[in-house]
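**Student:** One point on numbering: in the numbering used here, the residue at position 26 of the sequence shown is 717, and numbering is uninterrupted.
Yeah, the Cβ is synthetic: ideal placement off N, Cα and C, and Gly gets one too.
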Amino acid sequence: MMKIKDKEHQFLGFKELEELVLEFPNDASLGRYIRQLYWDALIRKKNTGLLDQRFDPQTDWIDATPT
692 MMKIKDKEHQ FLGFKELEEL VLEFPNDASL GRYIRQLYWD ALIRKKNTGL LDQRFDPQTD
752 WIDATPT
């Protein structure tokens, strides 16, 4: 689950993405906010046992940047 403002979401639909794009018009600030949502959700999953405890976001990160 991701918490955006005061609501919890399992996924982001077009409406939620549109709200974020309008709230964060700068690409860098939008990316920073989305990454923070991701890491917060990952930590919550790990802390509640919903994620394999062997997962380490620092060492298991896969760079998905196209080359």
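Within this structure, are the beta carbons of Leu708 and Phe715 separated by less than 7 Å?
**Tutor:** Translated into the one-based positions of the sequence shown, residue 708 becomes position 17. Translated into the one-based positions of the sequence shown, residue 715 becomes position 24. Contact: no.
**Student:** Look at the alpha carbon of Asp731 and the alpha carbon of Gly704, and state the distance between them as a whole number of angstroms.
**Tutor:** Looking up residue 731 in the sequence shown gives position 40. Looking up residue 704 in the sequence shown gives position 13. C-alpha separation (whole angstroms): 19 Å.
**Student:** Quick one: grab the DSSP three-state call for Lys736.
**Tutor:** As a first step, residue 736 is located in the sequence shown; it is residue number 45 there, counting from the start. Lys736: helix per DSSP, three-state reduction.
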